[in-house]
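Counting in this note's numbering, the sequence shown runs from 886 upward without gaps.
Input: a single structure, listed below in structure tokens.
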Amino acid sequence: MLAHRDGSCVPVEVTTARTIWQGKQVELAIVRDITDRKKAEDEIQQLAYYDTLTGLPNRSLLQDRLGQSIVQAVRDNRKVAIMCLDLDRFKSINDTLGHVAGDSLLATVAERLTECVWETDTVARIGGDEFVIIISAIEHAEDLNKIAEKILAAISKPLALNGQEIFITASIGIAIYPEDGTDVQGLLKNADLAMYKAKDQGRDTFQYFSQEMNVQTLEHLILENSLRRALERNEFVIFYQPQMDLKSGRLVGMEALIRWQHPDLGLLPPSRFIPMAEETGLILPIGEWALQTACAKNRAWMDAGFMPLRVAVNLCGIQFRQKKFIELIEAVLKKTGLAPSQLELELTESMLMSKAEESTTVLHKLKEMGVSLAIDDFGTGYSSLSYLKNFPINRVKIDRSFIRDVPNNPDDTAIVSAIIAMAHNLNLKVTAEGVENHSQLEFLSTRNCNEIQGYLLSSPLPEAEFTRFLRGGMMIQE
Ligand code: C2E
Ligand code: CA
Ligand code: CA
886 MLAHRDGSCV
896 PVEVTTARTI
906 WQGKQVELAI
916 VRDITDRKKA
926 EDEIQQLAYY
936 DTLTGLPNRS
946 LLQDRLGQSI
956 VQAVRDNRKV
966 AIMCLDLDRF
976 KSINDTLGHV
986 AGDSLLATVA
996 ERLTECVWET
1006 DTVARIGGDE
1016 FVIIISAIEH
1026 AEDLNKIAEK
1036 ILAAISKPLA
1046 LNGQEIFITA
1056 SIGIAIYPED
1066 GTDVQGLLKN
1076 ADLAMYKAKD
1086 QGRDTFQYFS
1096 QEMNVQTLEH
1106 LILENSLRRA
1116 LERNEFVIFY
1126 QPQMDLKSGR
1136 LVGMEALIRW
1146 QHPDLGLLPP
1156 SRFIPMAEET
1166 GLILPIGEWA
1176 LQTACAKNRA
1186 WMDAGFMPLR
1196 VAVNLCGIQF
1206 RQKKFIELIE
1216 AVLKKTGLAP
1226 SQLELELTES
1236 MLMSKAEEST
1246 TVLHKLKEMG
1256 VSLAIDDFGT
1266 GYSSLSYLKN
1276 FPINRVKIDR
1286 SFIRDVPNNP
1296 DDTAIVSAII
1306 AMAHNLNLKV
1316 TAEGVENHSQ
1326 LEFLSTRNCN
1336 EIQGYLLSSP
1346 LPEAEFTRFL
1356 RGGMMIQE
């Protein structure tokens, strides 16, 4: 710095040089005013270490600060906490209201976060809607609960965007030095895992890191990642389970049940990946693939000379509610050349109960097309048959939990008998699921149940085995 006579200071750079002047060697001091350069350097600093949108420290500065906090904590024998915070459903707000509104929301969140912590703590923004907070002086572990609660409350206060009132929530994961990690990377990773766990628990909540989380969440993340690629890698397969008409004893149809042939984990049942596919929206392309594959295969079996059969395809709520659902069904039937009557769609009671009016319209259109409609897992939901009569459905499938103990359990026997009798009164066909033995079969026969499906006939079979099953004709082993 060089002080002027007027008292002001300017940053200067001084370099020295030797030269010959008037025959003598002299040393020169060159003093240069570097105000402009200093300003430019400051700007570069700002860009390199701070987030332009919110003015908060960025990832690089966060890492520096966390490193310093750890050194300090070692010296003072203290703990440091890291909170990873991610806004819930930020993407959909950004998509609906636009980026300008999204940016202003992030700026507000940044302000609110800064107000929740001390000046000695660090609030950083490390990516889209991801923030990290370093709490460097913790006296008692319970204080962290209070801070996390305070942050969640601050974020969830309504805010005005584009003249609308918006509610947003966040999920927080907490990792503590030294228990949960002793270096910067390890602590950040574990706080991040805990954050995923908080999301998993329904959002708007916080979670502390724990060792077993490491394995669980990692598995979940790996699975989710590979699920994204499973379709293009052709890893899904459909198994088919036969359905038999009880009166004629003939095979009349089959249910298409999806499996995932995972490269490392082997053959996975739907329970391992359908919920995840629903959460991520991947169920739409996967469900479409299953529908297309099952219809094409059914047509191919008919073309190979087997009796025309009906194939039942399972649907979940998002699929059924997608805008172009009817068009999708039409397109698949047209492309595969399958008659509409050879396709049955399996829906659940809960799918009908949410948005009942819209559902009825879609169901009527399907029925007009000639597609068959079945209610799956009947008896497990809250609706009654009399409620179902409002919907144009063709069949109920009695859930296997009711079939399991018939005819020995008098309650189940009474329930199953009543469902069959009432369904018939309403002109609905009945299929019993999970039929595993002859006494169940005989009981269902005496009650005039229309069709059965279950291990007694066969477990779900891969394509080639199902073809063999078709060739062998219908057989029940005594
Ligand atoms: P679900 O529709 O109730 O399917 C029947 C389940 O019962 C199948 O399990 C089948 O393997 C099993 N099962 C069949 N016979 C018997 C039996 O005699 N005894 C017993 N204990 N179980 C039997 P899976 O294949 O694991 O499928 C589970 C669920 O996954 C299905 O339940 C269905 O809701 C869903 N799912 C399967 N494929 C698809 C699909 O392509 N899309 C959608 N959205 N969901 C599917
Ligand atoms: Ca089903
Ligand atoms: Ca079922």
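Quick reminder that beta carbons are idealized off the backbone N, C-alpha and C, glycines included.
By a beta-carbon distance limit of 8 Å, I1032 does not contact A1055. Their separation comes to about 13 Å. In the displayed model, T1265 falls within coil according to three-state DSSP, outside both helix and strand.
About 6 Å separates the beta carbons of Q1204 and I1168, which is inside the 8 Å limit, making them a contact pair. D1261 has its Cβ nearer than 7 Å to a heavy atom of ligand 3. Counted as a single uninterrupted DSSP element, the stretch harbouring M1192 is not any alpha helix (DSSP H), since DSSP gives it neither H nor E. Judged by DSSP secondary structure, I1123 falls within the beta strand (DSSP E) whose first and last residues are F1121 to D1130. By the Cβ rule, the segment 1063–1074 counts as touching the segment 934–954, because three or more pairs are nearer than 8 Å. A Cβ-Cβ distance of about 6 Å is found for the pair E1348 and K1182, placing them in contact under the 8 Å criterion. Counting the other Cβ atoms within 10 Å of the Cβ of W906 gives fewer than 16, which makes it exposed.
Counting the other CB atoms within 10 Å of its CB gives A1038 a total below 16, which places it among the exposed residues. Annotated three-state conformation of I967 is strand, per DSSP.
Taking every protein chain shown into account, the CB of D1149 has fewer than 16 other CB atoms within 10 angstroms, so this residue is exposed. Linking Y1125 to N1312 through their CA atoms gives a straight-line distance of about 27 Å.
With distances taken between CA atoms, V1122 lies nearest to W1174 out of A1216, E1231, S1226 and W1174. At least 8 Å separates the beta-carbon of E1234 from that of L1200. Relative to ligand 2, the beta carbon of E1229 is positioned no closer than 7 Å to any heavy atom.
Selection N1293, G1266 and L1213 evaluated against M1254 yields L1213 as nearest (Cα-Cα).
Ligand 2 has a heavy atom closer than 7 Å to the beta-carbon of N1199. Short of 8 Å from the beta carbon of A902, and not among the five residues preceding or following it, lie these beta carbons of its own chain, in chain order: E912, L913 and I915. Taking C-beta atoms as the reference points, M1139 and P1127 count as a pair closer than 8 Å. Residue range A1026 to I1040 is occupied by the alpha helix (DSSP H) that includes D1028, with no beta strand (DSSP E) assigned at that position. If the five residues before and after L1103 are omitted, its C-beta is found closer than 8 Å to the C-beta atoms of L1078, all from its own chain and listed in chain order. Cβ neighbours of G1166 within its own chain (closer than 8 Å, five residues either side excluded): I1203.
For G952, the enclosing alpha helix (DSSP H) stretches over residues R944 to D961. The C-beta of D988 has fewer than 16 other C-beta atoms within 10 Å across all chains shown, which makes the residue exposed.
Separation of the CB atoms of T1265 and S1286 is rounded to 7 Å, and the pair is thereby assigned contact status at 8 Å. Cα atoms of L1341 and I1143: separation of roughly 20 Å, rounded to the nearest angstrom. For M968 against I1061, the beta-carbon gap comes to about 10 Å, at or over 8 Å, which does not count as contact. Closest by C-alpha distance to G1222, out of D1006, V956, P1193 and F1094, is P1193.
Residue pairing by DSSP leaves D980 without any beta bridge partner. Within the same chain, L941, P942, L947 and V1017 come within 6 Å of A1009 by CB-CB distance, once the 5 residues on both sides are set aside. For F1016, the uninterrupted beta strand (DSSP E) run begins and ends at E1015 to I1020, by DSSP. Pairing I1288 with E1321, the inter-Cα distance amounts to about 9 Å.
With fewer than 16 neighbouring CB atoms inside 10 Å of its own CB, L932 falls in the exposed class. Under DSSP, the beta-bridge partners assigned to L1136 are M1129. The Cβ-Cβ distance between L1131 and L1329 falls below 8 Å.
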